[in-house]
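These notes concern the structure reproduced below.
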Amino acid sequence: MNDKEKYTVEFQNYAIVKGRVILFDVDLGYLSVFNEFEKITSAGLVCIWKRGDVQHVICSNESVFFPILSKPEIDQQLIAVHMGIPVNRV
Numbered sequence: 030m031n032d033k034e035k036y037t038v039e040f041q042n043y044a045i046v047k048g049r050v051i052l053f054d055v056d057l058g059y060l061s062v063f064n065e066f067e068k069i070t071s072a073g074l075v076c077i078w079k080r081g082d083v084q085h086v087i088c089s090n091e092s093v094f095f096p097i098l099s100k101p102e103i104d105q106q107l108i109a110v111h112m113g114i115p116v117n118r119v
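Numbers 30 to 119, taken from the numbering used here, label the letters of the sequence shown in order.
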């Protein structure tokens with residue numbers, strides 16, 4: 030396997046608050062990052078797959094630590110834009 034074929038995968042928790050993307054470590058629970066009164070519209074787990082200069086964003090169906098369902102298709106687009114990844118690569 031040469032260097033061009035290597036890839037990395039990173040998992041992070043995410044939340045969408047007032048239309049803004051917030052990414053944070055999977056070791057942190059949602060309740061340690063947010064308070065119960067914040068208007069979180071979507072939350073879940075995101076997988077960021079990187080191979081060379083190509084990146085893909087894949088969101089889970091729901092948050093396992095927070096009682097808010099994710100919106101995978103919309104969230105993937107928001108996170109890609111937030112990270113500067115061309116949307117057509119999602």
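We put the CB at the ideal spot given by N, CA and C, even for glycine.
Taking Ser71 as reference, the option from Gly81, Ile51, Ser61 with the minimal CA-CA separation is Ile51. Leu57: not part of any alpha helix (DSSP H); DSSP gives it neither H nor E.
Between Ala109 and Ile69, the CB-CB gap reaches or exceeds 7 Å. The residue among Gly113, Tyr59, Asp104 with its C-alpha nearest the C-alpha of Val75 is Asp104. For the pair Asn42 and Phe53, the CB atoms are nearer than the 7 Å cut-off. Cβ neighbours of Glu67 within its own chain (closer than 8 Å, five residues either side excluded): Val46.
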